[in-house]
Structures are given as structure tokens and as C-alpha cells.
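Everything on this sheet refers to the single structure shown next.
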Amino acid sequence: MPAFLTFLTGILVIVGELSVFLSNSYLLFIVIPLIFLILIFQRKRFVFLNILIIVTICSVTYLKLIPYRLPAIPDEIIDRDISIKGKVLDFSTQRLYPQSFEIGNIEIDGIPYSSRIKVYSNFYQSFPGSTVLLNGRIKKSSYLTSLSRFTHPTHYISVNNIEVLSENNFFTSLGKVRERIIERVKLSMKSDEAFLLLSSIMGASSLSSEERAPFESTGTAHIFAISGLHMSILGEFLNSFLRLFTLLSPVITILILVIYNLMLGFNVSALRSVFMYGTMSLARVAGRPGVPLNTLGFAGIIILIFSPLSILSVSFQLSFMAVFALFVVSPLISRFLGNTYLFRLLSGVIAIQLLLIPMMSYYFGTVSLSAFIANIAVIPFMNICVPVGFIQVLCAALSKPVSGLFSNISNPVYSFLNSTTTFFSRFPLSSLGFRMNLAELFIYYSVVFVFLIVFYKKVRFQKSAI
Numbered sequence: 021m022p023a024f025l026t027f028l029t030g031i032l033v034i035v036g037e038l039s040v041f042l043s044n045s046y047l048l049f050i051v052i053p054l055i056f057l058i059l060i061f062q063r064k065r066f067v068f069l070n071i072l073i074i075v076t077i078c079s080v081t082y083l084k085l086i087p088y089r090l091p092a093i094p095d096e097i098i099d100r101d102i103s104i105k106g107k108v109l110d111f112s113t114q115r116l117y118p119q120s121f122e123i124g125n126i127e128i129d130g131i132p133y134s135s136r137i138k139v140y141s142n143f144y145q146s147f148p149g150s151t152v153l154l155n156g157r158i159k160k161s162s163y164l165t166s167l168s169r170f171t172h173p174t175h176y177i178s179v180n181n182i183e184v185l186s187e188n189n190f191f192t193s194l195g196k197v198r199e200r201i202i203e204r205v206k207l208s209m210k211s212d213e214a215f216l217l218l219s220s221i222m223g224a225s226s227l228s229s230e231e232r233a234p235f236e237s238t239g240t241a242h243i244f245a246i247s248g249l250h251m252s253i254l255g256e257f258l259n260s261f262l263r264l265f266t267l268l269s270p271v272i273t274i275l276i277l278v279i280y281n282l283m284l285g286f287n288v289s290a291l292r293s294v295f296m297y298g299t300m301s302l303a304r305v306a307g308r309p310g311v312p313l314n315t316l317g318f319a320g321i322i323i324l325i326f327s328p329l330s331i332l333s334v335s336f337q338l339s340f341m342a343v344f345a346l347f348v349v350s351p352l353i354s355r356f357l358g359n360t361y362l363f364r365l366l367s368g369v370i371a372i373q374l375l376l377i378p379m380m381s382y383y384f385g386t387v388s389l390s391a392f393i394a395n396i397a398v399i400p401f402m403n404i405c406v407p408v409g410f411i412q413v414l415c416a417a418l419s420k421p422v423s424g425l426f427s428n429i430s431n432p433v434y435s436f437l438n439s440t441t442t443f444f445s446r447f448p449l450s451s452l453g454f455r456m457n458l459a460e461l462f463i464y465y466s467v468v469f470v471f472l473i474v475f476y477k478k479v480r481f482q483k484s485a486i
């Protein structure tokens, strides 16, 4: 699994650079030996390639950190009416209720700052790549930490007037199509079902905290993070359909997934999934099925090269940990339960929960006690929800009447998803308030990974002895 080891090395390189940037250089005494240890375990023919990738990731990370060397917005201008110029970030930062987006590359009175700002506006949704000038009273976010400034807006502002200084024609055109789809879905479907579809298929955050509560308490909120589950279901659906008409179905499927990802804003979990699905599909076509961990590692390397600071985002960590659970932990559990479809599904759900529950406890302070049974019901049903939701989006892109016609199918499907999740959320003690600290999290995963290493070495030894 050389690609996966290279991926781990890339993460260590980024952690090392961040530790230097944040003046915590003592971490280098842990990171550097680990990097050399992984390089020792790599095959000799991959050492030069590893060094090249390490240098590339190191250089890109340095370039990404340069803007954060700029000063932060000074506290003296907080709660004052000011003019701010900035560039609108991608679709994944946009929200429907309340309507908002984020801007970076901040300038105030011609002075550049390192901050990102969340902009609330009730009348205008700016498109990614646009440079905008806005006026309002800026406020500071209250949950900032030394790391959150790399992944979250540091300030927010409510505005009544936005002047667009320049636009990115491609993203503006794409944004108008996206807005048209969202509007037609809202008009053609029932309210609750439309918002659930938009949140789980278009990545458009449109549910209130009350509407999201049943999904969070049952551990099924992962359906709102467009990731491997969505891309694999959609990819297999499109490939099976297109195979009826052309031998190029895998290539066309990958192109459709890339366009779909553009609509989503190229968020990390979806981007990783597209790379993984594309690699595995082309490997199958070539008759050379790849090693799953290598495929995960390859997708991770690509993301680290283009977006190294994404390792700090919760979605990146949850997404990769979930896939690791499916590839490594799930087969281990299925050895004891059995290899039928139901047991494989159960093994996957148990594996994901074992690796994600501690992380969700650390970040969100809750543990879902109904997650196991709720996911056994919800995950298979997503094989229907994702294709139906995607077809609804396509119908909305064509015309409002076509969207309204297909809503007769999508409405009951998403109504059933909503009612099923609500049913499980009403179980006694569906969720429990519990927060792990960083030390406990580190100990938990250390024990898990040591156990996995020992077990798989034992299995390999038994196979070689036969």
C-alpha cells in the first residue's frame, strides 16, 4: 500500500509545517522521525517518488500559508460601519437559510488582511470568484481557535448593499444554473422534502437546526455531507444506465460526477470520492482491480497537493476515517459475523460507528445511541434516495413542468426518509451528551490501530504458514 503510506507522509509534512507556522516546533521531534520511519518501510523503487511528492506538498502548503501571515482584522474596527472588498469563495460555503456566503482576500481601506468573513444578505447571492465591495458593521466570531481560522470565517457581517466589481464568467454561469435548479426544486416539491433533497443532493444547507436534529441524534447527518456514499451510489447508477447505450459508460460517468462536483463547490469529501470512484472504475475496466487503501491514498495525495489545509476540516477527517473503516475494519468484523449481504451491511455500519463516534464526540459533544439501527435502515435506502434526488435535479435543470412531474416520485421517497429518521430519533436515550478530550481521542485511536496492525499481521502469518 505505497500510495496510502505516501498519503500519511503528506499529512505529517503538513502537520510539521503548521507546527512551525504556529510556533509549536516541538511537534517536529515527533513528525520528522515518523516521516523517516514511513520512508524506510516504503519500497526502494518508490522512495524517489515519495520524496518528490513530499517536496510538492511542502511547497504548496507553504504557499497556502503565506496569506495567513497577513495581519488579522484589528479589533478597533469591530462594530463599526466600514467598506470591505473581498473575493467570494466556492458554492460549498453558501447557505440558503439564512442566505449567506463567505469572502476571502480581504481588503479594508486598501490594506489586505488574512481573515475570512461570512456575509449575510437577504436579497443577493454572489457567485464564486466574484470580487465584491460591501458595506456594513463587522463582528468577530466567538468560537475561534488557533486552527479554526484556517477552516472557518473569523468575522461576519450583515449587509444591505453589495457592489460586484468583477465576475468569474464560468462560475457565474454555473451559479445561475444552480440557483435555477434550487428555485425549481423548492417550487415543485413539498417544503420539507425539497429542503431535505437540496441539503443531501445539492449540498445547499437549507434545513433549520430543528429539522436537522433527528438526523444528528440518530447519527445519520452524514447524508448531508456529499461524500463516498453518494458518489458510489450515483456512479454505479449512472454507469449501469449508460452501459445500455455505450461502452464508454465509465468515462462518461466520471465526467458527469466531475460536473456534479463543480455544482457542489468541489468540497473535500466529494472531491475525494470522485477521485476514488474514477480510479477504481478505470482499474476495473483495465482488468486490474486496485488495492482499496492505495486508491484511498491516491485520492488523498491529490487533495493534499491542491488543498493541503483541508486536513484541518472536520469533513475531511470524518470522510477519510469512514472510508478507512469500510476498507480495513469492516472486513475484520465480517470475518466473525458472516459474508451475506445483511452481515456485510451490518459490518460496515459497526465499523463506521466505531471509528466515527469518538471523533463526533470530540467535535460535537454527543454520542448517538440509536446510530447503529438507524444507519442499517437509512444507508440501504440511500440507494433509492440518491438516484431519485439526482433525477429530480436534472428535471429541474430542464424545466419547471418536468420538475413538477417527477416530484410525484421524489416527494414520497424523501418523505419516507424524513419520517424514518424522525421515528428512530424518538427512541429513549437516542443521543447522549458526552465529549472526549484530545488525549482520550488519541489513546482510543492508538489502541484501535495497534489492534488492527497485530491482527492483520497474525492473519498474514497464518496465510503464509498454510
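Just so we're aligned, residue 21 is where the sequence shown starts under the numbering used here, counting upward by one.
Ideal Cβ placement from N, Cα and C applies to all residues, glycine included.
Quick caveat, the model's predicted, so the values are computed rather than measured.
Between which two residues does the alpha helix (DSSP H) carrying residue 540 extend? Residue 540 lies beyond the stretch modelled for the chain, which goes from 21 to 486, so this question has no answer here.
Using only the alpha-carbon positions, how far apart do residue 485 and residue 356 sit? In this predicted model, residue 485 has a pLDDT of only 48, less than 50, meaning its place in the structure is not dependable enough to derive any value.
For residue 50, list the residues DSSP reports as bridge partners. DSSP lists no partner for residue 50.
Can the beta-carbon of residue 207 be found closer than 8 Å to that of residue 148? The Cβ atoms of residue 207 and residue 148 lie no closer than 8 Å to each other.
From the DSSP secondary-structure annotation, give me the bridge partner or partners of residue 106. In DSSP, residue 106 forms a bridge with 152.
Measure the Cβ-Cβ separation of residue 313 and residue 30 and say whether it is below 8 Å. Not in contact: residue 313 and residue 30 (Cβ atoms no closer than 8 Å).
Compare the C-alpha of residue 223 against each of 114, 83, 75 and 256 and name the closest. Comparing Cα positions, the closest option is 114.
Please report the distance separating the alpha-carbon of residue 220 from that of residue 246. So the alpha carbons of these two residues sit roughly 7 Å apart.
Separation of residue 94 from residue 50, as counted between CA atoms: Whole-angstrom Cα-Cα distance: 35 Å.
In this structure, what does DSSP give as the bridge partners for residue 177? Per DSSP, 139 and 158.
Report the residue from 419, 136 and 104 whose alpha carbon sits nearest the alpha carbon of residue 153. Out of 419, 136 and 104, 104 has the C-alpha closest to the C-alpha of residue 153.
Using 8 Å as the threshold, is the stretch 319–336 in touch with the stretch 344–352, meaning 3 or more CB pairs across them? Cβ pair count under 8 Å is below three, so no.
If the criterion is Cβ atoms closer than 8 Å, does the pair residue 407 and residue 254 meet it? Yes. Within cutoff.
By the DSSP assignment, the beta strand (DSSP E) with residue 431 in it spans what residues? Unbroken run through residue 431 is the alpha helix (DSSP H), 420–445; no beta strand (DSSP E).
So residue 186 and residue 150 are supposed to be a Cβ contact under 8 Å. How far apart are they, rounded? Beta-carbon to beta-carbon, residue 186 and residue 150 are separated by about 7 Å, close enough to satisfy the 8 Å threshold.
Span of the alpha helix (DSSP H) around residue 190: Here the alpha helix (DSSP H) through residue 190 covers 189–208.
Closest by CA to residue 37, which one among 100, 440, 70 and 83? Nearest C-alpha to residue 37: 83.
Local conformation of residue 121 per DSSP, three classes: Correct three-state label for residue 121: strand.
Backbone secondary structure at residue 212 - three-state DSSP: In the structure shown, residue 212 sits in a helix (DSSP, three-state: H, G or I).
With burial defined as no fewer than 16 other Cβ atoms inside 10 Å of the residue's Cβ, what is the status of residue 385: buried or exposed? Exposed.
Return helix, strand or coil for residue 240, following the three-state DSSP convention. Coil.
Grab the span of the alpha helix (DSSP H) containing residue 452 for me, first residue to last. From DSSP, residue 452 is part of no alpha helix (DSSP H) but of the beta strand (DSSP E) over 451–453.
Starting from residue 113, trace the alpha helix (DSSP H) both ways and give me its first and last residue. Premise fails: residue 113 is in no alpha helix (DSSP H) and is neither H nor E.
Distance between beta carbons of residue 58 and residue 28, contact taken as under 8 Å: That belief holds up - the Cβ atoms of residue 28 and residue 58 are roughly 6 Å apart, short of 8 Å.
Measure the C-alpha to C-alpha separation of residue 92 and residue 168 and round it to an integer number of angstroms. Looking at the two C-alpha atoms, the distance is approximately 13 Å.
Range covered by the alpha helix (DSSP H) that runs through residue 132: Looking at the DSSP string, residue 132 is not in any alpha helix (DSSP H); the run it does join, the beta strand (DSSP E), is 131–133.
Within 10 angstroms of its Cβ, does residue 46 collect 16 or more other Cβ (buried), or is it exposed? Exposure of residue 46 is indicated by the presence of fewer than 16 other C-beta atoms within 10 angstroms of its C-beta.
Considering just the uninterrupted stretch of the alpha helix (DSSP H) at residue 266, what are its terminal residues? Segment: none, residue 266 is in no alpha helix (DSSP H) and carries neither H nor E.
What residue range does the alpha helix (DSSP H) around residue 339 cover? Its alpha helix (DSSP H) spans residues 334–344.
Where does the unbroken alpha helix (DSSP H) through residue 40 begin, and where does it stop? Per DSSP, residue 40 belongs to the alpha helix (DSSP H) from 22–41.
Using 8 Å for Cβ pairs, my map puts residue 405 next to residue 433. What's the rounded Cβ distance? Right, their Cβ atoms sit about 6 Å apart.
Quick one, are the C-beta atoms of residue 128 and residue 102 less than 8 Å apart? Contact annotation: residue 128 and residue 102 have beta-carbon atoms nearer than 8 Å.
Enumerate in chain order the residues of its own chain whose CB-to-CB distance from residue 181 is below 8 Å, with the five nearest sequence positions on each side excluded. If the five residues before and after residue 181 are omitted, its C-beta is found closer than 8 Å to the C-beta atoms of 154 and 155, all from its own chain and listed in chain order.
Using the Cα positions of residue 417 and residue 275, report the straight-line distance between them to the nearest angstrom. If I take the Cα positions, the gap works out to 18 Å.
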